[in-house]
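J.:
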Ligand SMILES: Cc1cc2nc3c(=O)[nH]c(=O)nc-3n(C[C@H](O)[C@H](O)[C@H](O)COP(=O)(O)OP(=O)(O)OC[C@H]3O[C@@H](n4cnc5c(N)ncnc54)[C@H](O)[C@@H]3O)c2cc1C
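Numbering (my numbering), first residue to last: 45 to 441.
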């Protein structure tokens, strides 16, 4: 039996579940499907910058996250070898970041969507996007009982990540494309405490970081330029551990710690996709993918979910045409993320900061408001212009 929904959302993680929750809270009929079951992990580290934390607070979910014992992160440090810039990444209202395991965060988001009234089908793989007269009208897929099912909706939303089945079907325009720039790997350690600090080490052609997460563990993440991917993948462990000796004190600490997991990793192309068309929309990584080095993906997915829910609410209430509100959605998204996208692609080259940037960093070293502004800019809390203005004020005349 087919049942009509206002929205069918494919993908129930950082983009899909909040979108489902927000639409269901507005009284719309929502179905969310995911081939995964929850809780489950996905290939991703999980720094949630303060802007993402603020979204959880707005949605009434932050207390649930803090109740899981996830340690708050009050300081981002950037060790450039000869000096370190350390500051607070947040604002007075949202002063901390978190690094919640995706097993915890994604389940929390999914439960909130269910509570809001969205229908959830876990273990449901979408095999086909149903199209009629050039318009997306539904999905066809298979649930855990193996039977093929078709469902229809006014809008089908791909919150289905980089290999989006919706994007594959509708073939949206891709723009601002850049090839993969970096190979990134990560693993978890016990006995390597990083009390409230997210530490980044910046070295020529190398970058790595340590971040405290659930259960007393610390996740370490690091990488090298994409051109070394093929060569280095023959010995991921050796190459990964060699990173840490570029910061000898840290390397020493890691040798005394215990590695708790296998290595996971990814290379990531960079692109924007047109995020809407007749009967369909894309949110999260499905619509805009960038290298993970600046850890923007989760908060970008949250932003997309919030903006897309607001746009679709207007459409479902019959106030404005889908094409008009979604054109605004696209414009706003692109405007909001483009500066960080360019910065991300630049950082992902792992080339040393340009000389004028190095001079500026040396000038702000020790000036706490300017170092906070640097941390805030890297978190995406303030813009590069705002940081520039604060840094210019901090430099000796
Ligand atoms: C190595 C690495 C490290 C990262 N580190 C960070 C970080 O520290 N901080 C940060 O903010 N971001 C980070 N990111 C990015 C972040 O993981 C993504 O931006 C984020 O997961 C996007 O969420 P999403 O909901 O759009 O997509 P996803 O998390 O990819 O979820 C998509 C969902 O769709 C489902 N799906 C797909 N196809 C189908 C189908 N046909 N049928 C049914 N279900 C389907 C999948 O099962 C999946 O559950 C990292 C990424 C990588 C690769």
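Yeah, the Cβ is synthetic: ideal placement off N, Cα and C, and Gly gets one too. None of these values were measured; they are calculated from a predicted model.
So, are the CB atoms of residue 373 and residue 220 less than 8 Å apart?
T.: Not a contact, by the Cβ cut-off of 8 Å.
J.: May I ask you to report which of helix, strand or coil DSSP gives residue 331?
T.: Residue 331: coil per DSSP, three-state reduction.
J.: Which same chain residues, not among the five before or five after residue 357, have their C-beta less than 6 Å away from its C-beta?
T.: Result list for residue 357: 70, in chain order.
J.: At the 8 Å Cβ level, is residue 217 part of the contact set with chain D, yes or no?
T.: Here chain D cannot be found, since the structure has a single protein chain.
J.: Could you tell me whether any non-hydrogen atom of ligand 1 is closer than 7 Å to the CB of residue 168?
T.: Residue 168: yes, Cβ under 7 Å from ligand 1.
J.: Counting only runs that start and end within the region 178-214, where is the beta strand (DSSP E) found for 3 or more residues in a row?
T.: DSSP runs (the beta strand (DSSP E)) wholly in the region 178-214: 179-186, 192-202.
J.: Who does residue 169 pair with in a DSSP beta bridge?
T.: DSSP, once it has assigned bridges, lists 186 as partnering residue 169.
J.: Shortest alpha-carbon distance to residue 120 belongs to which of 126, 271, 338?
T.: The residue with the shortest Cα to Cα distance from residue 120 is 338.
J.: By the 10 Å Cβ neighbour count, where 16 or more other Cβ atoms means buried, how is residue 27 classified, buried or exposed?
T.: Beyond the ends of the chain as shown, which are 45 and 441, falls residue 27; an answer cannot be given.
J.: At a cut-off of 7 Å, would you count residue 91 as near ligand 1, judging by its Cβ distance to the nearest heavy atom?
T.: Yes, Cβ of residue 91 sits closer than 7 Å to a heavy atom of ligand 1.
J.: Between residue 192 and the rest of its own chain, which residues show a CB-CB distance below 7 Å, the 5 nearest in sequence each way excluded?
T.: For residue 192, where only same-chain residues beyond five positions count, the Cβ hits under 7 Å are 184, 186.
J.: What is the DSSP secondary structure of residue 443, reduced to helix, strand or coil?
T.: No answer is possible for residue 443: the residues shown for the chain start at 45 and end at 441.
J.: Going by beta-carbon coordinates alone, are residue 267 and residue 227 separated by less than 8 Å?
T.: Closer than 8 Å, so yes.
J.: Just to confirm my understanding: we take residue 419, look at its own chain, exclude 5 residues before and 5 after, and list those with CB closer than 7 Å. What are they?
T.: Excluding sequence neighbours, residue 419 sits near 120, 131, 132, 133.
J.: Is the beta carbon of residue 243 less than 8 Å from the beta carbon of residue 324?
T.: Not a contact, by the Cβ cut-off of 8 Å.
J.: Given that a residue counts as buried once 16 or more other Cβ atoms are within 10 Å of its Cβ, and exposed if not, what is residue 422?
T.: Per the 10 Å Cβ criterion, buried.
J.: How many angstroms separate the CA atom of residue 430 from the CA atom of residue 436?
T.: Those two C-alpha atoms are separated by around 10 Å.
J.: Can you tell which of 197, 344, 124, 190 has its C-alpha closest to the C-alpha of residue 51?
T.: Measuring from the Cα of residue 51, the nearest candidate turns out to be 197.
J.: Shortest alpha-carbon distance to residue 63 belongs to which of 169, 406, 277, 201?
T.: Selected option, being the one with the closest Cα: 201.
J.: Can you tell which of 93, 127, 170 has its C-alpha closest to the C-alpha of residue 141?
T.: Closest option to residue 141, Cα to Cα, is 93.
J.: Evaluate residue 84 with the Cβ neighbour count: other Cβ atoms within 10 Å of its Cβ, from every protein chain shown; 16 or more gives buried, anything less gives exposed.
T.: Under this definition residue 84 is an exposed residue.
J.: Taking 7 Å as the line, does the beta carbon of residue 234 fall inside it for any heavy atom of ligand 1?
T.: No; taking the cut-off as 7 Å, the Cβ of residue 234 has no heavy atom of ligand 1 nearer than that.
J.: Any idea what DSSP makes of residue 343, helix, strand or coil?
T.: Correct three-state label for residue 343: helix.
J.: For the 8 Å Cβ check, are there 3 or more pairs between the region 73-84 and the region 94-114?
T.: No, because fewer than three Cβ pairs between the region 73-84 and the region 94-114 fall closer than 8 Å, the two stretches do not touch.
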